[in-house]
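Take a look at the structure below.
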Amino acid sequence: MPSLMTRYRAAWAAFRTADVESPSSGPSAFAQEIPRYPPFLKGLPVASTAQILATQRALIASLQDALAFSDEDYRTLVLPLIERYAAFVHLLPASETHHHRGAGGLFRHGLEVAFQAARASRGRLFALDRLPEERRILEPRWHLAACIAGLLHDVGKPVADLSVVDRNGSYRWQPLDETLVEWAGTHGIDCYFLRWHSQRVHHGHEGFTAAVLPQLLTWPVRHWLMDPDPLVWLTLGRVLAGMDDQALLGELMREADRVSVAQDLRENRLDPDALSLGVPIERYLIDTMRSLLRDGTWTVNTPGARVWIFPPNRVHLVWPACAEAIVQRLASERIPGIPRDPDTLADILIERHLARGRPLGEGVPVARTWRLAPAVLAREQPVELSFLRLASPELLFSGVVPPATPLVTTIPESGSAPVLVEDTGVVQKATAGSNSSPAIEPGHEDVQGVADRIGNATPAEPSERDQARDWLRQQGPAGDVLIALVEALVEDRLTADACPSLIQGKVFLPYPQGLAVRDAAPAEILETFVARDWIERDPLRPMLKVREHEGVSGVWLRRAVSRRLVALGLGADSVPSRLPETIQPQSAAIEAAVGDDPPNRTRAKGSPATTASKYAQTIRQRLLARDPTLGPITERPGVLSIPLRGPILDGAHRSGISETALRRALERLPNARPVEKGILTLGL
Numbered sequence: 001m002p003s004l005m006t007r008y009r010a011a012w013a014a015f016r017t018a019d020v021e022s023p024s025s026g027p028s029a030f031a032q033e034i035p036r037y038p039p040f041l042k043g044l045p046v047a048s049t050a051q052i053l054a055t056q057r058a059l060i061a062s063l064q065d066a067l068a069f070s071d072e073d074y075r076t077l078v079l080p081l082i083e084r085y086a087a088f089v090h091l092l093p094a095s096e097t098h099h100h101r102g103a104g105g106l107f108r109h110g111l112e113v114a115f116q117a118a119r120a121s122r123g124r125l126f127a128l129d130r131l132p133e134e135r136r137i138l139e140p141r142w143h144l145a146a147c148i149a150g151l152l153h154d155v156g157k158p159v160a161d162l163s164v165v166d167r168n169g170s171y172r173w174q175p176l177d178e179t180l181v182e183w184a185g186t187h188g189i190d191c192y193f194l195r196w197h198s199q200r201v202h203h204g205h206e207g208f209t210a211a212v213l214p215q216l217l218t219w220p221v222r223h224w225l226m227d228p229d230p231l232v233w234l235t236l237g238r239v240l241a242g243m244d245d246q247a248l249l250g251e252l253m254r255e256a257d258r259v260s261v262a263q264d265l266r267e268n269r270l271d272p273d274a275l276s277l278g279v280p281i282e283r284y285l286i287d288t289m290r291s292l293l294r295d296g297t298w299t300v301n302t303p304g305a306r307v308w309i310f311p312p313n314r315v316h317l318v319w320p321a322c323a324e325a326i327v328q329r330l331a332s333e334r335i336p337g338i339p340r341d342p343d344t345l346a347d348i349l350i351e352r353h354l355a356r357g358r359p360l361g362e363g364v365p366v367a368r369t370w371r372l373a374p375a376v377l378a379r380e381q382p383v384e385l386s387f388l389r390l391a392s393p394e395l396l397f398s399g400v401v402p403p404a405t406p407l408v409t410t411i412p413e414s415g416s417a418p419v420l421v422e423d424t425g426v427v428q429k430a431t432a433g434s435n436s437s438p439a440i441e442p443g444h445e446d447v448q449g450v451a452d453r454i455g456n457a458t459p460a461e462p463s464e465r466d467q468a469r470d471w472l473r474q475q476g477p478a479g480d481v482l483i484a485l486v487e488a489l490v491e492d493r494l495t496a497d498a499c500p501s502l503i504q505g506k507v508f509l510p511y512p513q514g515l516a517v518r519d520a521a522p523a524e525i526l527e528t529f530v531a532r533d534w535i536e537r538d539p540l541r542p543m544l545k546v547r548e549h550e551g552v553s554g555v556w557l558r559r560a561v562s563r564r565l566v567a568l569g570l571g572a573d574s575v576p577s578r579l580p581e582t583i584q585p586q587s588a589a590i591e592a593a594v595g596d597d598p599p600n601r602t603r604a605k606g607s608p609a610t611t612a613s614k615y616a617q618t619i620r621q622r623l624l625a626r627d628p629t630l631g632p633i634t635e636r637p638g639v640l641s642i643p644l645r646g647p648i649l650d651g652a653h654r655s656g657i658s659e660t661a662l663r664r665a666l667e668r669l670p671n672a673r674p675v676e677k678g679i680l681t682l683g684l
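Counting along the sequence shown from 1, when you hit position 112 you're at 112 in the UniProt record's numbering, and nothing is skipped either side.
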């Protein structure tokens, strides 16, 4: 029996010893897998370019399909460019806290935007002013230019937004001199670390893109894009440098960028390395606010802006308009569980100390919003808006915060002029000689005494405008689009080529630019209109959704829908008129003479009948000024001539003006001769 117990003890001791010392089962085998708080800062490894390329092998292969290039052309033109791009951006993230913020995010983001832009470019028309045989040569070059614009649109970020150093901080990468792989190889670095610049400027990286291009664009690519028409190369350079917002390449690049960002936020919103295991709603809200500001949907301190900064440096959101935009964006990204009510969203932000409520007094719950009047909107009287005040500018701006704009207020006395105020807490300040009560202390203003001129008062029964708005809101996203369209029109935020027209009781809506008021693609919005039977079709061509009216492509809305838009303010005489913004003169804006409207038509700011003529007038003025950005101008005794291609034709297409309508409008100009062989000739 003792020998049996001895053998048992020996076996148990051997098992315990193996359990402790075995590398396969001991705690050391899991030491690298168990998360630690706070996490170690390990840096990013200096992998080879081939290893970086292997991480995105499938996407790189699909890029060839998007371009429809032969194997030989793809190996000669595209693959060397992607290899240089991989060596340059390496494993850097595309942003600090927004999209593609993980290792390798910038490389992946560039490839995604290149793929989306290349694929979209094959559905667009280029070089329409050329002969068919010339167009066949130029179109693949434009497709490659769209691909390159998408791939390289963020290459300025390593220069402007962050710094890369070795483990000891002894060596710092200079992106303008060499790629990251070359820098690491020169100094024998196996791991690098990055630091985001706190003073980086939004879109500031675009100014450095041109300086990086010589490292990335190979000679075969430059030569191929320059021959036979250097306009392809010129347009690509201007778009990447942020100098041409109107070019079709820029439009393709921005739309592809938006798709890539939205897809990443939707699919990779949960960050496994985040400090919190749960992802609260407020994180989605802040990320979406930053996205709306970044992509230009929200502007700052201008008429129609959704973001305002008031002294001393407080950031305010127009509420509930901003809440509606946030909900719309999150819904488009299919993020579940987000409340839709603006009051609920405001309460969440206030409870999480991300927003500041307005104190009403001791023992009284704070109000969600602040009633303030930006000075830039004031004319004879201030215009008060309802705002949600954020707790800190850093919640919205990761770099430099724009300067604050002053506020105004008035004494409730007839004839008093607006008075500037220095702090957002003050809502009233007495003017000299007035008999009003002293100014109310900051933080304790009584908004019940302030006249609400933007719709707080509830009428005895709903007005026609309210009924129209309620009806549209009940129609879901389709109705929201039309409400946003009218609001943008009334606030003068639409370009002339996107403005709807009211013609004999029916609304004509330019397409696609007239439906580009939301994040959803215009084609998707159009399908929702068709599903609700809102489109008035041509009886002779009932399958056609988009029709042409006076040279402009668009859709006709049925009278029932049009009547609601008129009730909301479409077609109001107070809406100002302005020139199309597709091509702007280099010096001052040129005012084009427009004839009287027919008696049976009400115009909203600009309409199809005048868009082509206004555009032609602008071209004439710029041609007489010998504007070189129009293209090659030929001057002979008594005449000027210019080919209708490049910027002129591209601008017309973006304004929804067909080539035929453009020719007719140009030929009606004073001293203009008939357009022959694509050449406009103007007598002096």
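Every residue gets a Cβ at the ideal spot worked out from N, C-alpha and C, and that includes glycine. For clarity, every value in this text was computed on a predicted model and none was experimentally measured.
**Report entry** C-alpha gap between Leu570 and Leu526, whole angstroms
**Finding:** Straight-line Cα distance between these residues: approximately 19 Å.
Report task. Could you have a look at Tyr511 and say whether DSSP puts it in helix, strand or coil? Result -> DSSP, read as helix, strand or coil, puts Tyr511 in coil.
Requested in this report: Whole angstroms is fine: what's the gap from Ala394's alpha carbon to Trp308's?
Outcome: The question names Ala, but residue 394 in the sequence shown is Glu. C-alpha of Glu394 to C-alpha of Trp308: approximately 14 Å in a straight line.
Query raised in the report: Measuring CA to CA, which of Glu384, Asp264, Glu676 is closest to Gly104?
Result: When only C-alpha atoms are compared, the closest one is Asp264.
Query raised in the report: Should the segment 180 to 194 be regarded as contacting the segment 229 to 247, the criterion being three or more beta carbon pairs within less than 8 Å?
Result: Below 8 Å, too few C-beta pairs join the segment 180 to 194 and the segment 229 to 247 to call them touching: fewer than three.
Query raised in the report: For Val555, does the three-state DSSP call read helix, strand or coil?
Result: Note: Val555 maps to strand in three-state DSSP.
Query - Ala86 versus Arg340 - alpha carbon distance - result: Cα atoms of Ala86 and Arg340: separation of roughly 41 Å, rounded to the nearest angstrom.
Query raised in the report: Buried or exposed: where does Gln328 fall if 16 or more other Cβ atoms within 10 Å of its Cβ makes it buried?
Result: Counting Cβ neighbours within 10 Å, Gln328 comes out buried, since at least 16 surround it.
Query raised in the report: Thinking just about the alpha-carbon of each residue, which of Val546, Pro175, Arg258 is nearest to the one in Leu292?
Result: Measuring C-alpha to C-alpha distances from Leu292 to each of Val546, Pro175, Arg258 identifies Arg258 as the nearest.
Query raised in the report: Taking buried to mean at least 16 other C-beta atoms within 10 Å of its own C-beta, is Trp319 buried or exposed?
Result: Buried.
Query raised in the report: Expressed to the nearest angstrom, what Euclidean distance is found between the alpha-carbon atoms of Pro132 and Arg645?
Result: Rounded to whole angstroms, Pro132 to Arg645 spans 14 Å at the Cα level.
Query raised in the report: According to the neighbour-count rule (16 or more other Cβ atoms, all chains shown, within 10 Å of its Cβ), is Asp65 buried or exposed?
Result: That one is exposed.
Query - Inter-stretch contact at 8 Å, needing at least 3 Cβ pairs: the segment 158 to 175 / the segment 128 to 144 - result: Remark: fewer than three beta-carbon pairs, one from each stretch, lie closer than 8 Å, so the segment 158 to 175 and the segment 128 to 144 are not flagged as touching.
Query raised in the report: Between the C-alpha atoms of Leu249 and Leu630, what's the straight-line distance to the nearest angstrom?
Result: Distance between the alpha carbons of Leu249 and Leu630: 17 Å.
**Report entry** Neighbour flag for Leu682 against chain D, beta carbons, 9 Å
**Finding:** This model lacks chain D altogether; it includes just one protein chain.
**Report entry** Between the CA atoms of Ala149 and residue 685 - distance to the nearest angstrom
**Finding:** The structure shown does not extend to residue 685, since the chain spans only 1 to 684, so no value can be given for it.
Query - Alpha-carbon to alpha-carbon, Cys322 and Leu234 - result: Those two C-alpha atoms are separated by around 38 Å.
Query raised in the report: From which residue to which residue does the beta strand (DSSP E) around Leu502 run?
Result: 501 to 503 is the span of the beta strand (DSSP E), which, as asked, contains Leu502.
Query raised in the report: Should Leu111 and Leu59 be called a contact, given that it needs their Cβ atoms to be closer than 9 Å?
Result: Yes, the Cβ-Cβ distance between Leu111 and Leu59 is below 9 Å.
**Report entry** beta strand (DSSP E) segment containing Arg469, residue limits
**Finding:** Counting along the chain, no beta strand (DSSP E) covers Arg469; the unbroken alpha helix (DSSP H) around it starts and ends at 464 to 473.
Query raised in the report: How about Ile483 and Val552: are their beta carbons less than 9 Å apart?
Result: Against a cut-off of 9 Å, the Cβ pair of Val552 and Ile483 comes out as no contact.
Query raised in the report: How would you label Lys677, buried or exposed, when you count the other beta carbons within 10 angstroms and need 16 or more for buried?
Result: That one is exposed.
Query raised in the report: So what's Ala523 in DSSP terms, helix, strand or just coil?
Result: Ala523 falls in the helix class under three-state DSSP.
Query raised in the report: By the 10 Å Cβ neighbour count, where 16 or more other Cβ atoms means buried, how is His223 classified, buried or exposed?
Result: The residue is exposed, with fewer than 16 neighbouring Cβ atoms inside 10 Å.
Query raised in the report: What is the DSSP secondary structure of Asp538, counted as helix, strand or coil?
Result: Strand, per DSSP.
Report task. With a threshold of 16 other CB atoms inside 10 Å of the CB of Ser414, please say whether the residue is buried or exposed. Result -> Only weak support is given to the placement of Ser414: the predicted model assigns it a pLDDT of 38, under 50, and the question is left unresolved by the model.
Requested in this report: Taking all protein chains shown into account, decide if Gln56 is buried (16 or more other Cβ within 10 angstroms of its Cβ) or exposed.
Outcome: It is buried - the Cβ of Gln56 has at least 16 other Cβ atoms within 10 Å.
Query - Residue ranges of each beta strand (DSSP E) within the segment 97 to 170, 3 or longer - result: Runs of beta strand (DSSP E) with 3 or more residues, each lying fully within the segment 97 to 170, are found at 162 to 166, listed in chain order.
Query raised in the report: What is the DSSP secondary structure of Ser574, counted as helix, strand or coil?
Result: Residue confidence is low: Ser574 scores 34 on pLDDT, short of 50, so the model does not pin down where it sits. Its coordinate-derived value is still stated next. In this structure, Ser574 counts as coil in the three-state DSSP scheme.
Query raised in the report: In three-state DSSP terms, what is Phe683?
Result: Reading off the sequence, residue 683 comes out as Gly, not Phe. Here Gly683 carries a strand assignment [DSSP, helix/strand/coil].
**Report entry** Whole-Å CB distance - residue 686 paired with Ala616, under 8 Å assumed
**Finding:** Lying outside 1 to 684, the shown extent of the chain, residue 686 is not represented and no answer is given.
Query - Supposed close pair His153, Val212 - CB separation, criterion 8 Å - result: About 11 Å separates the two Cβ atoms, so there is no contact after all.
Query raised in the report: When you compare each of Leu67, Leu396, Leu231, Gln51 to Pro647 by their alpha carbons, which one comes out closest?
Result: Per the Cα distances, Leu231.
Query raised in the report: Between Asp573 and the rest of its own chain, which residues show a CB-CB distance below 7 Å, the 5 nearest in sequence each way excluded?
Result: Here Asp573 scores only 40 on pLDDT, less than 50, and its place in the model is too uncertain to base an answer on.
Report task. Please classify residue 747: is it buried, with 16 or more other beta-carbons within 10 angstroms of its beta-carbon, or exposed? Result -> Lying before the first or after the last residue shown, residue 747 is absent from the chain, which here runs from 1 to 684.
Query raised in the report: Which whole-angstrom value describes the C-beta separation of Arg389 and Arg283, a residue pair presumed to lie in contact below a C-beta threshold of 8 Å?
Result: Not confirmed; about 20 Å, so no contact.
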